[in-house]
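Heads up: the sequence lines are chains X and E, in that order.
Those letters in the first sequence? Residues 62 to 264, per this note's numbering, in order.
Those letters in the second sequence? Residues 62 to 264, per this note's numbering, in order.
Scroll down for the structure; my scribbles are underneath it.
Protein chains: 2
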Amino acid sequence: MKLYDSRLAPNPRRVRIFLAEKGIEVPTEQVDMMAKQHLTPEYTTINPLQRMPALELDDGTIISESIAICRYFEALRPQPALFGTGAEEIAIVEMWNRRCELNLLFTVAHVFRHTHPAMKELEVPQVPAWAEANRPRVIDFLRILDAELARHAFVAGDHYSVADITALCAIDFMKPTRIAVPDELVNVKRWHAEVAARPSAKA
Amino acid sequence: MKLYDSRLAPNPRRVRIFLAEKGIEVPTEQVDMMAKQHLTPEYTTINPLQRMPALELDDGTIISESIAICRYFEALRPQPALFGTGAEEIAIVEMWNRRCELNLLFTVAHVFRHTHPAMKELEVPQVPAWAEANRPRVIDFLRILDAELARHAFVAGDHYSVADITALCAIDFMKPTRIAVPDELVNVKRWHAEVAARPSAKA
Chain X
62 MKLYDSRLAP
72 NPRRVRIFLA
82 EKGIEVPTEQ
92 VDMMAKQHLT
102 PEYTTINPLQ
112 RMPALELDDG
122 TIISESIAIC
132 RYFEALRPQP
142 ALFGTGAEEI
152 AIVEMWNRRC
162 ELNLLFTVAH
172 VFRHTHPAMK
182 ELEVPQVPAW
192 AEANRPRVID
202 FLRILDAELA
212 RHAFVAGDHY
222 SVADITALCA
232 IDFMKPTRIA
242 VPDELVNVKR
252 WHAEVAARPS
262 AKA
Chain E
62 MKLYDSRLAP
72 NPRRVRIFLA
82 EKGIEVPTEQ
92 VDMMAKQHLT
102 PEYTTINPLQ
112 RMPALELDDG
122 TIISESIAIC
132 RYFEALRPQP
142 ALFGTGAEEI
152 AIVEMWNRRC
162 ELNLLFTVAH
172 VFRHTHPAMK
182 ELEVPQVPAW
192 AEANRPRVID
202 FLRILDAELA
212 RHAFVAGDHY
222 SVADITALCA
232 IDFMKPTRIA
242 VPDELVNVKR
252 WHAEVAARPS
262 AKA
């Protein structure tokens with residue numbers, strides 16, 4: 062088994078944190094996205110969509126998409142449960158993980174990819190107007206998240222879950238994107254300090 | 062229990078097809094998105110993100126995000142399994158469902174929302190350059206899907222799954238978006254005819 066990993070990108074980090082929370086170690090191979098190694102013919106045979114990360118099983122089967130890789134390991138090692146247990150909690154974790162993807166991780170990524178000079182050859186075409194359309198959506202969603210975190214310890218309720226991992230990676234990706242978390246979002250700041258202090262956050 | 066549903070949008074259709082495949086009936090309330098009913102204060106209290114669909118449980122709990130709603134019913138009624146069974150199949154279904162969302166449903170939706178005159182007040186601002194950036198990605202992904210469907214009966218392998226539902230809703234949403242499936246993609250066309258003929262497709 063081998064995980065194709067990239068140190069700087071937020072999606073591979075989601076998988077590394079997930080594995081650290083599970084206590085699972087997987088051999089990794091670094092793919093340098095800034096050097097366009099994910100666009101080479103070699104990596105394209107691994108993932109025709111040229112996205113990172115990807116997991117190669119011992120029989121050669123490839124699993125791409127961060128959350129698909131996480132679900133594979135959740136099924137192999139159900140504890141600690143990071144996708145919830147019981148119908149309602151499973152649905153709430155899925156809801157908040159997706160809300161944090163669609164409204165935070167993806168919106169931050171759109172701003173980053175469509176404004177950052179380093180992305181000029183990786184995001185073609187860069188559409189600056191699309192970055193600016195997304196910029197206010199980041200903060201709009203953080204306000205909704207702040208209201209939720211006023212009522213719960215974690216993003217999807219009282220237990221740490223994959224939704225916390227997605228939100229942490231998205232918020233930390235705001236730094237290179239040069240968007241700050243507004244100071245008045247005290248619940249987001251309290252939660253961020255807590256999840257960023259877990260050993261898994263360094264994975 | 063009540064499902065907030067919109068007849069014309071692709072995401073609520075995903076949930077209706079999923080429920081039809083499971084043989085589950087849920088009372089629905091129509092929310093007219095073209096009349097901006099999903100932007101009213103009433104619906105915003107149900108889903109602060111103002112997205113459709115949403116499921117209201119008998120205790121008042123709200124589950125939004127189509128796939129979160131589907132997972133709720135999968136947990137309540139596991140058969141037929143539409144998210145796969147066993148670690149590897151679960152991961153493959155998740156991978157293909159997400160690939161079909163990110164590269165097909167979302168790209169088609171970006172073209173629709175950023176070009177269609179009827180969306181002028183719902184997608185603010187419309188960014189035509191972003192629509193044009195996405196238009197070729199729709200066809201690029203359909204070629205990858207066609208290669209997969211040359212080897213398998215269904216999107217995620219040999220069994221019908223939620224990935225087929227996402228792909229069907231995305232491809233049918235190409236019609237109002239005025240993008241055609243290229244004639245040479247014979248495997249996509251074979252598969253589409255089959256899944257569109259299932260009774261659930263009319264849900």
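The beta-carbon is built from N, C-alpha and C at its ideal position, and this holds for glycine as well.
Given a threshold of 16 other Cβ atoms within 10 Å of its Cβ, counted over all protein chains shown, does residue i qualify as buried or as exposed?
i: X/M28; result: For residue 28 of chain X there is no data in the structure shown, the boundaries of chain X being 62 and 264.
i: E/G147; result: exposed
i: E/P73; result: buried
i: E/L100; result: exposed
i: X/D66; result: buried
i: X/P71; result: buried
i: E/V199; result: buried
Is there a C-beta anywhere in chain X that falls below 8 Å from the one on residue i?
i: E/A136; result: yes
i: E/W252; result: no
i: E/A152; result: yes
i: E/M235; result: no
i: E/A129; result: yes
i: E/P260; result: no
i: E/Y104; result: no
i: E/E155; result: yes
i: E/A139; result: The amino acid at residue 139 of chain E is misidentified as Ala; the sequence shows Pro. Chain X contact via Cβ: absent.
Alpha carbons only, please: which of the options is nearest the one belonging to residue i?
i: X/E86; options: X/A190, X/A170, X/L116, X/P109; result: X/L116
i: X/E155; options: E/V188, E/M156, E/I124, E/W157; result: E/I124
i: X/M62; options: X/T238, X/F134, X/T176; result: X/F134
i: X/A254; options: X/L69, X/E90, X/L210; result: X/L210
i: X/I128; options: X/Q98, X/I78, X/A170, X/F173; result: X/I78
i: E/A231; options: E/V172, E/I151, E/T106, E/A136; result: E/V172
i: X/E150; options: E/W157, E/T176, E/T122, E/L165; result: E/T122
i: X/E82; options: X/Y221, X/P237, X/R68; result: X/Y221
i: E/V202; options: E/A224, E/W191, E/N164; result: Sequence inspection shows Phe at residue 202 of chain E; the Val mentioned does not correspond to that position. Among E/A224, E/W191, E/N164, the Cα nearest to that of E/F202 is on E/N164.
i: X/Q140; options: X/L80, X/N195, X/E182; result: X/L80
i: E/T89; options: E/K97, E/L69, E/V76, E/L64; result: E/L64
i: X/V223; options: X/K181, X/A142, X/E245, X/P260; result: X/A142
Are the beta-carbon atoms of residue i and residue j separated by less than 8 Å?
i: E/E162; j: E/T227; result: yes
i: E/R132; j: E/F144; result: yes
i: E/V242; j: E/K250; result: yes
i: E/I153; j: X/A152; result: no
i: X/M113; j: X/V169; result: no
i: X/H177; j: X/V188; result: no
i: X/V247; j: X/W157; result: no
i: X/H213; j: X/D207; result: no
i: E/I205; j: X/L110; result: yes
i: X/L229; j: X/A262; result: yes
i: X/R68; j: X/Q91; result: yes
i: E/A96; j: X/A190; result: no
Is the Cβ of residue i closer than 8 Å to any Cβ of chain E?
i: X/S125; result: yes
i: X/V188; result: yes
i: X/R160; result: yes
i: X/R239; result: no
i: X/R198; result: no
i: X/E149; result: yes
i: X/T122; result: yes
i: X/Y65; result: no
i: X/L229; result: no
Helix, strand or coil: which one does DSSP assign to residue i?
i: E/Y104; result: helix
i: E/S125; result: strand
i: E/A96; result: coil
i: E/Y133; result: helix
i: X/F215; result: strand
i: E/L203; result: helix
i: X/T89; result: strand
i: X/D233; result: helix
i: E/E184; result: coil
i: X/E117; result: strand
i: X/L165; result: helix
i: X/D244; result: coil
Is residue i near the ligand GDP, in the sense that its beta carbon is under 7 Å from a heavy atom of that ligand?
i: E/A115; result: With respect to the ligand GDP, the structure shown offers nothing to examine, as it has no ligands at all.
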